[in-house]
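Undergrad:
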Amino acid sequence: MFSFSGHETFPLRFLWLPKAVRAAAENPGVFQSDEAIATFGVGKNMVRSMKHWGLAAGVLQPVNGARSDVEPTPFGIETFGDGGTDPYCERPETAWRLHWELCRGPERATLWHYLFGHWRGSGVDLPALEHELTSWLRSRDADVPSTSTLKRDFLCLAACYAPARSASSDPEDAATCPLSSLGLAHRSAGTLYFRGGRRARLSARVFADAILDFWGEVAPGRLTLSIDEAIKHAGSPGRVFLLSEDQAFELVEAASALEDAPFRFDSTAGVQQLYRSTVPTSAFSSSTLVA
0 MFSFSGHETF PLRFLWLPKA VRAAAENPGV FQSDEAIATF GVGKNMVRSM
50 KHWGLAAGVL QPVNGARSDV EPTPFGIETF GDGGTDPYCE RPETAWRLHW
100 ELCRGPERAT LWHYLFGHWR GSGVDLPALE HELTSWLRSR DADVPSTSTL
150 KRDFLCLAAC YAPARSASSD PEDAATCPLS SLGLAHRSAG TLYFRGGRRA
200 RLSARVFADA ILDFWGEVAP GRLTLSIDEA IKHAGSPGRV FLLSEDQAFE
250 LVEAASALED APFRFDSTAG VQQLYRSTVP TSAFSSSTLV A
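All letters in the sequence shown, in the order written, are residues 0 to 290 by numbering that gives the first Met the number 0.
(1) Out of S138, A247, T133, which one is the CA nearest neighbour of S145?
(2) Check the C-beta distance from L128 over to Y160 and give it rounded, since I have them as a contact under 8 Å.
(3) Quick one, are the C-beta atoms of P27 and V62 less than 8 Å apart?
(4) To which residues of the same chain is S167 closer than 8 Å at the C-beta, ignoring the five residues directly before and after it?
(5) Use the C-beta contact count for I36: other C-beta atoms within 10 angstroms, 16 or more gives buried, fewer gives exposed.
(6) Are the stretch 211-230 and the stretch 259-278 touching, with three or more C-beta to C-beta distances below 8 Å?
(7) Do you know how far the Cα of S266 is from the Cα of A173?
(8) Can you give me the C-alpha to C-alpha distance between K50 and E7, rounded to a whole angstrom?
(9) Here's the rule I'm using: 16 or more other beta-carbon atoms within 10 Å means buried, otherwise exposed. How should V29 be labelled?
(10) So D208 is in the alpha helix (DSSP H); what residue range does that whole segment cover?
(11) Identify every residue that forms a DSSP beta bridge with V69.
(12) Buried or exposed for V278, going by 16 or more other Cβ atoms inside 10 Å?
(13) Grouping DSSP H, G and I as helix and E and B as strand, with all else coil, what is T223?
(14) Quick check: what's the CA-CA separation for R12 versus T175?
(15) Restricting to runs no shorter than 4 residues, where is the alpha helix (DSSP H) found entirely within the stretch 75-140?
(16) To the nearest angstrom, report how far apart L156 and A268 are at their CA atoms.
(17) Distance, Cα to Cα, G195 vs G83?
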């Protein structure tokens, strides 16, 4: 149910997801094949890391009935597949969607989900994280990772959003993670600091789809969702995107004004809620990454 490993300590890199999607579309067993190292041009640990990131970021999914095979998800195909909207993982919309996919659930990237969806402080270091996370996991009857495992996971997360730029750091790592462009965090003296505020390049479409995903998790059968749930609840888009309350409301209004808006916003009688007419089968649509 929870995972604090799989990335082999390698931060996500720009071209890994497009390569993973295209390779898996041709051969679902590509990550287990003897040719995987040659196919991707990286070592075996990086091959495992690429598969992990593909699954955690929602662009790959296990093939039914197959132990190790994977296939692209609709999001993966429409974004990184042949004729996809962002074949080189360069667009801001893609980075925001990947951030949401990593954080929306605890299964494959638990620390991402916890820090962006549940953590209340403006900064976090390893001792504080270990203390608070232990309580959170135990309240869910989950195993607690070792200090060394948690440290590796924490450093990997920090490297994704706030890559080190010291003389000894790998310049490729500092330049190639799409999440670093979001401006969500910086680090100093062993502490990761979160940057709340306005997100100039977060589109109403990506925000709308994130709300639908969240809605499907917390109230799948309901036709209404309160604004507080959408922007303040643990794991909500407002929390995960570290939005100011003003911008969160602006995005709610912009999302409800889309031509094909999946919900409408209403504040009649002082009750601020989102309404939808039907329960969708899937939040992600082909228009998600269309500007």
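From the three backbone atoms N, C-alpha and C, an ideal C-beta is built for every residue, glycine too.
Predicted, not measured: the structure shown is a model, and the values here were computed from it.
TA: According to the data block:
(1) The count along the sequence shown starts at 1 and reaches residue 145 at position 146. It is T133 whose Cα lies nearest to the Cα of S145.
(2) The residue given as residue 128 occupies position 129 in the sequence shown. The residue given as residue 160 occupies position 161 in the sequence shown. Rounded, the Cβ-Cβ distance is 15 Å, inconsistent with contact.
(3) Within the sequence shown, numbered from 1, the residue matching residue 27 stands at position 28. Within the sequence shown, numbered from 1, the residue matching residue 62 stands at position 63. In terms of Cβ geometry, P27 and V62 form a close pair [threshold 8 Å].
(4) The sequence position of residue 167 within the sequence shown is 168, counting from 1. Summary for S167: the model assigns pLDDT 49, below 50, so the residue's position carries little reliability; its value from the coordinates is reported in the next sentence. The beta carbon of S167 sits closer than 8 Å to none of the beta carbons in its chain outside the five residues before and after it.
(5) Counted from its first residue, the sequence shown places residue 36 at position 37. It counts as exposed.
(6) Touching, yes, given that three or more Cβ pairs across the two stretches are closer than 8 Å.
(7) By one-based count along the sequence shown, residue 173 stands at place 174. By one-based count along the sequence shown, residue 266 stands at place 267. Its pLDDT being 47, under 50, A173 is placed unreliably by the model, and nothing is read from it.
(8) One-based indexing of the sequence shown puts residue 50 at position 51. One-based indexing of the sequence shown puts residue 7 at position 8. K50 and E7 have their alpha carbons spaced roughly 11 Å apart.
(9) Walking along the sequence shown from the start, residue 29 turns up at place 30. Counting C-beta atoms within 10 angstroms of its own C-beta, V29 has 16 or more neighbours from the protein chains shown and is therefore classed as buried.
(10) Looking up residue 208 in the sequence shown gives position 209. Taken as a continuous stretch (DSSP letters only), the alpha helix (DSSP H) holding D208 covers 203-217.
(11) Looking up residue 69 in the sequence shown gives position 70. Answer by DSSP bridge pairing, in chain order: P61.
(12) Position 279 of the sequence shown, counting from 1, holds the residue named residue 278. Looking at its Cβ environment, which holds fewer than 16 other Cβ atoms inside 10 Å, V278 is exposed.
(13) Within the sequence shown, numbered from 1, the residue matching residue 223 stands at position 224. T223: strand per DSSP, three-state reduction.
(14) As a first step, residue 12 must be located in the sequence shown, where it is residue number 13. As a first step, residue 175 must be located in the sequence shown, where it is residue number 176. Taken atom to atom, the span from the alpha-carbon of R12 to that of T175 is near 5 Å.
(15) Listed in chain order, the complete alpha helix (DSSP H) runs (minimum 4 residues) inside the stretch 75-140 are 91-102, 109-116, 125-137.
(16) One-based indexing of the sequence shown puts residue 156 at position 157. One-based indexing of the sequence shown puts residue 268 at position 269. Their backbone Cα atoms lie some 43 Å apart in a straight line.
(17) Position 196 of the sequence shown, counted from the first residue, corresponds to residue 195. Position 84 of the sequence shown, counted from the first residue, corresponds to residue 83. Taking the CA atoms as reference points, G195 sits about 31 Å from G83.
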